[in-house]
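The sequence shown maps to residues 1 to 102 in full-length UniProt numbering.
Using N, Cα and C, we set each Cβ at its ideal position, and we do this for glycine too.
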Amino acid sequence: MLIPSYITWSLRINWCEKVQKEVKAILTESATLSCEVAQAKTEVKWYKDGKLITSSKKLKVESEGKSRHLVLEQVEKKDAGEYTCEAAGQKLTFKVIPGFGD
Numbered sequence: 001m002l003i004p005s006y007i008t009w010s011l012r013i014n015w016c017e018k019v020q021k022e023v024k025a026i027l028t029e030s031a032t033l034s035c036e037v038a039q040a041k042t043e044v045k046w047y048k049d050g051k052l053i054t055s056s057k058k059l060k061v062e063s064e065g066k067s068r069h070l071v072l073e074q075v076e077k078k079d080a081g082e083y084t085c086e087a088a089g090q091k092l093t094f095k096v097i098p099g100f101g102d
């Protein structure tokens, strides 16, 4: 698997149930987790290891049309974990593994 410095995964959340994607994020760079919802006004909540995430300088929650993004800035080892995009009762989970590029 190639490990680009800018990582994006996209899936329509209304088609997914408990899918887990492994994301290898490069230390000190940013990584983006993405999910797509059926309607632009759909509310999405992001969680890390089961705890609700609020947008900050470190973790940016973004919305663009039907796409929802969680941007992890300046990835560190402590960013490892399971990140979940939840919308309309459905979830998409990413397992983030920080490390160095090949």
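- The C-beta of residue 84 has 16 or more other C-beta atoms within 10 Å across all chains shown, which makes the residue buried.
- In this structure, the straight-line span from the alpha carbon of residue 94 to that of residue 82 is close to 6 Å.
- Shown here, residue 48 sits in a strand according to DSSP, grouped into three states.
- Classified as exposed, residue 52 has fewer than 16 neighbouring CB atoms from the shown chains inside 10 Å of its CB.
- Distance between residue 37 and residue 87, taken at the CA atoms: about 7 Å.
- Measuring C-alpha to C-alpha distances from residue 40 to each of 90, 27, 64 and 32 identifies 64 as the nearest.
- At a Cβ-Cβ threshold of 9 Å, residue 72 and residue 62 do not count as neighbours.
- The bridge partners DSSP lists for residue 72 are 31 and 59.
- By the Cβ neighbour-count rule, residue 49 is exposed, with fewer than 16 other Cβ atoms within 10 Å of its own.
- The alpha-carbon of residue 28 is positioned some 25 Å away from that of residue 67.
- An exposed status is given to residue 56, since fewer than 16 other beta-carbon atoms sit within 10 Å of its beta-carbon.
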